[in-house]
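2 protein chains.
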Amino acid sequence: MQRNTRQRAAILETLSRQEDFRSAQQIHEQMRSDGETVGLATVYRNLQALSRSGRLDVLVAGDGESLYRQCEDTGHHHHLVCRECGRTVEFLAPKLEASMTAIAQEHGFTEVDHTLEVFGLCTEHAAQSAAEDEGGTR
Amino acid sequence: MQRNTRQRAAILETLSRQEDFRSAQQIHEQMRSDGETVGLATVYRNLQALSRSGRLDVLVAGDGESLYRQCEDTGHHHHLVCRECGRTVEFLAPKLEASMTAIAQEHGFTEVDHTLEVFGLCTEHAAQSAAEDEGGTR
DNA sequence: GTACGTGCAAAACATTTGCAAAATT
DNA sequence: AATTTTGCAAATGTTTTGCACGTAC
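These protein sequence lines map, in sequence, to chains A and B. Quick note on my numbering: the first sequence kicks off at 794 and runs consecutively. Quick note on my numbering: the second sequence kicks off at 794 and runs consecutively.
In structure tokens, the structure reads:
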């Protein structure tokens with residue numbers, strides 16, 4: 794099981810050229826405009842399979858849409874994502890992991906797992922967005 | 794704006810009798826079986842309004858479904874949720890907040906916000922589930 | 001040659017929305 | 001009486017699925 798199809802290769806290739814988290818539809822669209830012929834269902838099926846096997850990171854956006862990204866760190870890590878441009882920074886937080894394990898233990902919980910995603914504005918979009926919020930420059 | 798309708802009151806009442814996180818559909822179903830007559834759209838609209846005003850906590854499940862719950866702590870806090878029964882423990886983690894702010898700052902991110910949810914097995918479901926995973930007792 | 005993967009269109013979901021009728025203030 | 005809320009059904013948007021066909025092995 795798990796064959797090397799042209800589509801699977803193309804999806805992986807597209808992902809490797811991708812910086813930020815992208816939805817299945819965005820990835821599909823990207824591929825189409827790159828001249829690839831792939832069905833949307835195939836993109837969905839492969840993204841799912843790839844994330845299941847840990848080769849892809851999944852992030853559930855606030856509206857429930859799933860976003861995918863090929864991360865550099867293959868182990869457990871978290872993301873700092875820019876709300877404006879999707880720019881992503883991976884980070885580790887061992888202390889954080891430890892305190893979460895401790896809290897879980899205090900309450901008798903086992904087999905603990907967690908999701909942590911941090912959203913903010915990267916350097917490039919911080920000032921700009923603040924200005925917009927005020928309705929323009931002073 | 795914001796009138797006191799029978800439906801809104803019923804929704805709040807139903808939520809107050811609720812221990813765990815529930816989806817809009819589950820809440821609607823619950824109300825129907827309690828004899829309330831409410832439209833599903835009304836439940837959605839009210840849950841949304843209530844969470845917007847901070848009277849309700851929202852949790853986006855892994856599959857993108859939104860789950861609601863009336864929490865005791867009205868401020869910022871996190872959840873430790875049992876994967877089996879949905880049992881929820883609220884907790885604060887100031888150290889964690891601090892280190893996340895620090896990490897964001899290191900990377901120049903501002904207006905930082907984060908989502909953190911911890912999933913595990915509560916005391917009641919820990920052993921049982923472990924046995925199931927092995928396909929029975931040794 | 002056979003089993004797995006693909007493509008398409010239809011189905012399945014959760015959620016949102018338009019609009020007329022009903023209820024609140 | 002004015003205006004918000006409701007209820008229903010239809011619309012929306014994402015993801016899944018059934019099934020015939022194509023393809024990797």
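Backbone N, C-alpha and C define an ideal beta-carbon position, used for all residues, glycine too. Computed from a predicted model, the values in this text were never measured in an experiment.
Identification of residues in the stretch 804-823 of chain A having a C-beta nearer than 8 Å to some C-beta of chain B yields an empty set. In the three-state scheme derived from DSSP, where H, G and I count as helix and E and B as strand, A:Glu-877 is classed as coil. In the DSSP assignment, no residue is bridged to B:Leu-840. In the DSSP assignment, A:His-821 falls within the alpha helix (DSSP H) that extends over 817-826. Cβ proximity to chain B below 7 Å picks out Ile-896, Ala-897, His-900, Gly-901, Phe-902, Thr-903, Glu-904, Val-905, Asp-906, His-907, Thr-908, Leu-909, Glu-910, Val-911 from the stretch 894-911 of chain A. In terms of CA proximity to A:Thr-881, A:Asp-866 leads the group A:Ser-892, A:Asp-866, A:Lys-888, A:Gln-823. Contact of A:Ser-826 with chain B is not assigned, every C-beta pair being separated by 8 Å or more. Residue burial is scored here from C-beta neighbours: A:Gly-828 has fewer than 16 other C-beta atoms within 10 angstroms and is therefore classed as exposed. Contact with chain A is found for B:Ala-919, since one of that chain's Cβ atoms lies less than 8 Å from the residue's Cβ. Per the C-alpha coordinates, the member of B:Phe-902, B:Thr-908, B:Asp-856 positioned closest to A:Ala-919 is B:Phe-902.
Think of a sphere of 7 Å around the beta carbon of B:Ser-892: the chain A residues whose beta carbon falls inside it are Ala-886, Lys-888, Leu-889, in chain order. With a beta-carbon spacing of about 4 Å, B:Gly-913 and A:Val-905 fall inside the 8 Å limit used to define contacts. Going by DSSP, A:Thr-894 is part of the alpha helix (DSSP H) stretching over 887-899.
Taking each of B:Ala-895, B:Arg-838, B:His-871, B:Val-831 in turn and checking the Cα distance to A:Thr-908, the smallest one comes out for B:His-871. Residues of chain B whose Cβ lies closer than 7 Å to the Cβ of A:Val-882 are, in chain order, His-900.
At a cut-off of 8 Å between beta-carbon atoms, A:Thr-916 makes contact with chain B. The Cβ of A:Gly-855 sits closer than 8 Å to at least one Cβ of chain B. Distance from A:Arg-862 to A:Leu-849 at the Cβ level is roughly 7 Å; contact confirmed, criterion being Cβ atoms closer than 8 Å.
With fewer than 16 other Cβ atoms inside 10 Å of its own Cβ, A:Cys-878 counts as exposed.
Counting only Cβ-Cβ distances below 8 Å, A:Gly-913 has contacts in chain B at Ala-897, Phe-902, Thr-903, Glu-904, Val-905, Asp-906, in chain order. B:Leu-909 carries a strand assignment under DSSP once its states are collapsed to helix, strand and coil.
In this structure B:Ala-886 is buried. Its beta-carbon is surrounded by 16 or more other beta-carbon atoms within 10 angstroms.
Take the alpha-carbon of B:Ala-803 and the one of B:Val-836: they are about 10 Å apart.
Under the three-state reduction of DSSP, B:Thr-798 is assigned to coil, being neither helix nor strand.
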